[in-house]
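> Here the sequence shown is numbered in the numbering used here, starting from 20 and rising by one per residue.
One structure is given below, represented as structure tokens, and several questions about it will come after.
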Amino acid sequence: MVICAPGSVPRAAGDRVKTDRRDAERLLRLWRAGELSLVRVPSPAEESFRDLVRAREDARGDLMRHRHRLSKFLLRRELRPPAGTLGAWSVPWMNWVRRLRFEDAAALATHVDYLAAVEAALQRRSALDVALEEAWPQSPFKTTIAALRCFRGIDTLSACGFAAEVSGFDRFKHPDRLA
Numbered sequence: 020m021v022i023c024a025p026g027s028v029p030r031a032a033g034d035r036v037k038t039d040r041r042d043a044e045r046l047l048r049l050w051r052a053g054e055l056s057l058v059r060v061p062s063p064a065e066e067s068f069r070d071l072v073r074a075r076e077d078a079r080g081d082l083m084r085h086r087h088r089l090s091k092f093l094l095r096r097e098l099r100p101p102a103g104t105l106g107a108w109s110v111p112w113m114n115w116v117r118r119l120r121f122e123d124a125a126a127l128a129t130h131v132d133y134l135a136a137v138e139a140a141l142q143r144r145s146a147l148d149v150a151l152e153e154a155w156p157q158s159p160f161k162t163t164i165a166a167l168r169c170f171r172g173i174d175t176l177s178a179c180g181f182a183a184e185v186s187g188f189d190r191f192k193h194p195d196r197l198a
């Protein structure tokens with residue numbers, strides 16, 4: 020079975036008439052000319068691993084948003100860590116944020132909420148990191164991930180993301196290479 024991405028089918032500007040017969044002939048002509056970008060439907064195991072990689076990326080983005088909210092809250096109150104505290108989000112910096120106290124009930128509630136959101140997002144990201152570490156050796160991408168991890172600067176997480184999102188595209192460019 021050959022599957023083509025619908026968005027990759029070239030379409031003339033004035034071609035608005037749609038009939039099944041005309042579409043079928045046009046698709047066959049484009050396929051024979053090698054003008055279609057063919058795609059491969061991922062297996063359930065591949066899609067499951069991709070979902071895990073995407074969940075980890077979502078957790079990273081959520082953590083970044085929660086951190087921004089907390090840091091902007093502190094900036095609005097002109098709160099800065101004491102001199103000698105390491106950079107933002109380091110362990111000493113987080114300990115300083117945890118020790119902050121507010122007399123205003125609204126500020127206190129906001130601080131507690133933002134801090135809890137950051138800490139929950141950190142736990143979520145860590146749990147997904149562990150799940151990826153455990154899942155990749157059994158994934159359909161294990162050989163690609165193992166090979167990518169050999170390169171300097173590419174850790175397991177980067178290799179998993181690259182393999183899950185990019186693997187398999189090169190085999191489906193032209194109908195002659197489908198075998």
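Every residue, glycine too, gets a C-beta built ideally from N, C-alpha and C.
#1: Is the beta carbon of S90 sitting closer than 8 angstroms to the one on L55?
#2: If you count every other CB in all the chains shown that lies within 10 Å of the CB of H87, and 16 or more means buried, which is it?
#3: Of all the CB atoms in chain C, is at least one closer than 8 angstroms to the CB of K37?
#4: Going by beta carbon distance, what residues of the same chain come within less than 7 angstroms of P100, once the five residues before and after it are set aside?
#5: Mind the definition here: the stretch 166-182 touches the stretch 130-146 only if three or more C-beta pairs lie below 8 angstroms; say whether that holds.
#6: Return the CA-CA distance between R120 and C23, expressed in angstroms with no decimal places.
#7: Which same chain residues, not among the five before or five after F160, have their C-beta less than 7 angstroms away from its C-beta?
#8: Going straight from the alpha carbon of L147 to that of R59, what length do you get?
#9: Taking the alpha-carbon of L176 as reference, which of L94, L71 and F92 has the nearest alpha-carbon?
#10: With C-beta atoms as the reference, is A78 less than 8 angstroms away from R144?
#11: Can you tell me whether DSSP reads V60 as helix, strand or coil?
#12: Within the stretch 89-169, note down every full alpha helix (DSSP H) run reaching 4 residues or more, in order along the chain.
#13: Check whether the Cβ atoms of L141 and C179 sit closer than 8 angstroms, and answer yes or no.
Working from what's here:
#1: No, Cβ-Cβ distance for S90 and L55 is not below 8 angstroms.
#2: In the assembly as shown, H87 is an exposed residue. Its beta-carbon has fewer than 16 other beta-carbons within 10 Å.
#3: Chain labels in this structure do not include chain C; a single protein chain is all it has.
#4: Same-chain partners within the cutoff: W112 and W115.
#5: Because the criterion of three Cβ pairs below 8 angstroms is not met, the stretch 166-182 and the stretch 130-146 do not touch.
#6: Each residue's Cα considered, the two are about 59 angstroms apart.
#7: Cβ neighbours of F160 beyond the five flanking positions: F68, A182, A183 and S186.
#8: Rounded to whole angstroms, L147 and R59 show a C-alpha spacing of 27 angstroms.
#9: Selected option, being the one with the closest Cα: L71.
#10: Yes; because the gap between Cβ atoms is below 8 angstroms, this pair is in contact.
#11: Coil at V60, not helix or strand.
#12: Counting only runs of 4 or more, we get 110-118, 124-154 and 161-167.
#13: The Cβ-Cβ distance between L141 and C179 does not fall below 8 angstroms.
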